[in-house]
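Below: the structure, in structure tokens.
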Amino acid sequence: MKTVADYQFIRKLHVDHGMSIREIARQYHYSRRTIRAALAWDGSDNVGKYERRKPAVRPKTGEYVGIIDEWLEADQGVHRKQRHTAKRIWERLRDEYGVDVTESTVRRLVAQRREVIAPLVRQVYLMLAFGPGDLAQVDWGEAQVWIDGVLTKVYLFCMRLGYSTA
93 MKTVADYQFI RKLHVDHGMS IREIARQYHY SRRTIRAALA WDGSDNVGKY
143 ERRKPAVRPK TGEYVGIIDE WLEADQGVHR KQRHTAKRIW ERLRDEYGVD
193 VTESTVRRLV AQRREVIAPL VRQVYLMLAF GPGDLAQVDW GEAQVWIDGV
243 LTKVYLFCMR LGYSTA
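Quick note: the sequence shown uses the working numbering, first residue 93, plus one each step.
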């Protein structure tokens with residue numbers, strides 16, 4: 093698959109250096125079709141990406157998309173473990189509506205609909221790295237400890253250096 097850099101390179105050869113499509117194809121081993129696509133390219137990042145002109149036709153599940161959406165939207169207010177799984181949705185469609193479709197088809201449809209209804213928010217973790225003496229984390233606190241048989245309130249000072257892995 094050609095990248096944006098390839099398209100820019102081809103355009104530079106043609107526009108700046110005046111090379112013909114045939115010369116570029118012969119010298120750099122690009123197909124003439126690829127070169128024409130690069131010259132017609134609008135400068136966006138979607139180089140060579142295929143986009144459907146019409147939405148996919150779903151002859152067996154198309155009329156049940158609304159029902160699946162209702163179930164998935166209702167699941168948003170429930171605890172994660174209580175939500176419908178793709179298998180459970182397939183079983184309900186089969187048992188309640190008599191839909192004759194494979195489980196994998198329903199799984200694919202449910203995955204697509206979940207992404208539309210409630211896009212998954214992923215937690216991101218950032219590894220922090222500090223040099224010696226760059227960072228210190230400090231916290232104050234209090235605790236009760238037994239000292240010589242007497243419960244005594246003590247004050248704590250905790251410090252952790254960012255460079256330390258302890």
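Ideal Cβ positions, reconstructed from N, Cα and C, are used throughout, including at glycine.
This structure is a prediction, so every number in the text was calculated from the model and none was measured.
Straight-line gap, residue i to residue j (C-alpha atoms, nearest Å)
| i | j | result |
| --- | --- | --- |
| Q215 | R172 | 16 Å |
| H121 | E207 | 40 Å |
| A117 | K146 | 33 Å |
| I160 | V139 | 34 Å |
| P224 | F249 | 21 Å |
| V193 | A203 | 16 Å |
| S196 | R175 | 19 Å |
| L201 | R184 | 14 Å |
| M251 | E234 | 14 Å |
| I127 | D167 | 49 Å |
| V237 | T244 | 5 Å |
| E188 | R180 | 12 Å |
| V213 | K94 | 31 Å |
| S112 | V191 | 57 Å |
| A221 | K104 | 42 Å |
Cβ separation of residue i and residue j, assumed to be a contact under 8 Å, to the nearest whole Å
| i | j | result |
| --- | --- | --- |
| R199 | A178 | 4 Å |
| L227 | G254 | 3 Å |
| V157 | R205 | 7 Å |
| E165 | I209 | 6 Å |
Segment limits, alpha helix (DSSP H) that includes residue i
| i | result |
| --- | --- |
| A97 | V96 to V107 |
| Q119 | I113 to Y120 |
Terminal residues of the beta strand (DSSP E) in which residue i lies
| i | result |
| --- | --- |
| Q229 | A228 to I239 |
DSSP bridge partner residues for residue i (one or two, in chain order)
| i | result |
| --- | --- |
| V246 | A235 |
| M251 | V230 |
List in chain order: all unbroken alpha helix (DSSP H) runs of 4+ residues lying wholly within the region 123 to 202. Counting only runs of 4 or more, we get 124 to 132, 157 to 167 and 178 to 189.
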